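Going by this note's numbering, 111 is the number at position 111 of the sequence shown; the sequence numbering is gapless.
We put the CB at the ideal spot given by N, CA and C, even for glycine.
These numbers were taken from a predicted model, which means no experiment stands behind them.
Accompanying notes for the structure given below.
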Amino acid sequence: MIAIIGIILLIGIVKKNAIMMIDFALAAEREQGMPPREAIYQACLLRFRPILMTTLAALLGALPLMLSTGVGAELRRPLGIGMVGGLMLSQVLTLFTTPVIYLLFDRLSLHLKRRFPRQEEEA
């Protein structure tokens, strides 16, 4: 039950990382005129270090919970295990799935724009 706290923390970290990556990609597309593939690639390169540092800080903070012994350790250990395992898995998934999903949604929006072009209203 206490591991749910760790899951909430993981959701927040993963969400923040994905939003930062996509925000940088959208800014590169709009301001520099980059194609979506290049924009998300540059965003991944630019945001890799901050994402890694955030994840490592949370992971190192959870290690004492995971490795704890003594009174009450049986209550804190599931929180630490859930956080450490989830952070390692989410780091890999965030760095690989966010760009893929970004490009899929970009292709979907292009397909929808071609299929349903906007009609300008007559004044």
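In the three-state reduction of the DSSP assignment, Pro-64 falls in the helix class.
In this structure the segment 95-106 lies against the segment 37-47, because at least three pairs of beta carbons, one per stretch, are closer than 8 angstroms. Short of 7 angstroms from the beta carbon of Ile-81, and not among the five residues preceding or following it, lie these beta carbons of its own chain, in chain order: Met-66. Rounded to whole angstroms, the separation of the alpha carbons of Phe-48 and Ile-7 is 22 angstroms. DSSP places Gly-12 in the uninterrupted alpha helix (DSSP H) bounded by 3-32. DSSP, reduced to helix, strand and coil, places Gln-91 within a helical segment of the structure shown. In the structure shown, the three-state DSSP call for Gly-85 is helix. Straight across, the Cα-Cα distance linking Leu-79 with Ile-5 is about 7 angstroms.
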